[in-house]
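Colleague: Respectively, the protein sequence lines represent chains A and B. Each residue of the first sequence is one higher than the last, beginning at 1334 in the numbering used here. Each residue of the second sequence is one higher than the last, beginning at 1334 in the numbering used here. Got a structure for you, questions after.
Number of protein chains: 2
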Amino acid sequence: MTRQRAAVLSVVSRKGCHYTAEEIFTEAKLILPTISRATVYNSLHALERDRLIRRITAEDSSDRYDSSYIPHGHLYCTRCAKITDFELPSFTEHLCAVADGEIDSYELKVRYICKECKKMVETPKM
Amino acid sequence: MTRQRAAVLSVVSRKGCHYTAEEIFTEAKLILPTISRATVYNSLHALERDRLIRRITAEDSSDRYDSSYIPHGHLYCTRCAKITDFELPSFTEHLCAVADGEIDSYELKVRYICKECKKMVETPKM
DNA sequence: TCATTTTTTAGAATCAGTCTAAAAATATTA
DNA sequence: TAATATTTTTAGACTGATTCTAAAAAATGA
Chain A
1334 MTRQRAAVLS
1344 VVSRKGCHYT
1354 AEEIFTEAKL
1364 ILPTISRATV
1374 YNSLHALERD
1384 RLIRRITAED
1394 SSDRYDSSYI
1404 PHGHLYCTRC
1414 AKITDFELPS
1424 FTEHLCAVAD
1434 GEIDSYELKV
1444 RYICKECKKM
1454 VETPKM
Chain B
1334 MTRQRAAVLS
1344 VVSRKGCHYT
1354 AEEIFTEAKL
1364 ILPTISRATV
1374 YNSLHALERD
1384 RLIRRITAED
1394 SSDRYDSSYI
1404 PHGHLYCTRC
1414 AKITDFELPS
1424 FTEHLCAVAD
1434 GEIDSYELKV
1444 RYICKECKKM
1454 VETPKM
């Protein structure tokens, strides 16, 4: 665990955040001004390999990172792009039976329209 | 629904396949030799917008497409990269409560090592 | 038909992510 | 500690998936 990796981990670990690699790079530079983009990518891969963070994919272009590798769900608002974590009922056993193999981890992706966006879309006068 | 979109849809609809855009382009050219890459991307976006196909993201670089928009699970083997569909127990109601918003669709991504790969990895003599 | 709109095409452009090779840091061994 | 080996970092070039652009073609509709 180098200083660079620690910096990257500290950024990703911020509560409730799901940053892109570019955002992590920007934030990490505030901690270690000389850190390079390649090191951010290297660190993200190493941290993911070591199960300290998890890569997730939103519907847009770039990958994002989550501070927890523990299986959980993500709500993706299709209007404002906000990502929210939520706890999953544990169905590891059920999945093991379905998968007929060794489960590493899982994630439930839910596309939805969040409460705020739904409110905005509602047009009571029409 | 143009000829091009129909061709793209027919390729994506092949049973059990989870093609990349490039693979879809290759296959679509066998049906309509003059079809262009941009049209394949346009068509994929239009078909996804109209809920006829679903975009999924494996762990590797490029997006893939699934012939069904109906919520279901995907098993991603981390060794051989094979993707397998599986049915999900319906928890739409539970999700609606959790999400506090309007659910569009959902997908359960499971990272695992499939039976065949696990067999290969096992080294009984050690 | 004529005008309007949508779609397609080919190729250029973009952008996220990877690769490279040299420099720096770290670990190892004598 | 000095010498050596290994790992990591850095900057920038490179790659490859996807998007953009502008002109041509096709579809729509008055």
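All residues carry an ideal CB built from backbone N, CA and C; glycine is no exception. Bear in mind that the values here come from a model prediction, so they are computed numbers and not experimental data.
1) Once you ignore the five residues that flank cysteine 1410/A on each side, which residues in its own chain have a CB closer than 7 Å to its CB?
2) Starting from the Cα of arginine 1384/B, find the closest Cα among Pro1404/B, Leu1365/B and Arg1370/B and give me that residue.
3) Please report the straight-line C-alpha distance between leucine 1342/A and glutamate 1420/B, rounded to a whole angstrom.
4) Under 9 Å between beta-carbons, which chain A residues line up against glutamate 1356/B? List them in chain order, please.
5) Taking all protein chains shown into account, do 16 or more other C-beta atoms lie within 10 angstroms of the C-beta of histidine 1407/A, making it buried, or fewer, making it exposed?
6) When burial is assigned at 16 or more other CB atoms within 10 Å of the CB, is alanine 1430/A buried or exposed?
7) Near phenylalanine 1358/A, what residues of its chain come up, given a Cβ to Cβ distance below 7 Å and the 5 sequence neighbours on each side ignored?
8) Is threonine 1411/B helix, strand or coil when you go by DSSP?
9) Starting from the N-terminal side, write out each stretch of the alpha helix (DSSP H) that is 4 residues or longer and does not extend beyond the stretch 1370–1414 of chain B.
10) Measuring only the C-alpha atoms, how far is arginine 1388/A from serine 1346/B?
Modeller: Taking the coordinates as given:
1) Tyr1445, Ile1446, Cys1447 and Cys1450
2) Pro1404/B
3) 35 Å
4) Going along chain A, no residue has its Cβ under 9 Å from glutamate 1356/B, so there is no contact; the nearest lies around 19 Å.
5) buried
6) exposed
7) Arg1370 and Val1373
8) coil
9) 1370–1382
10) 28 Å
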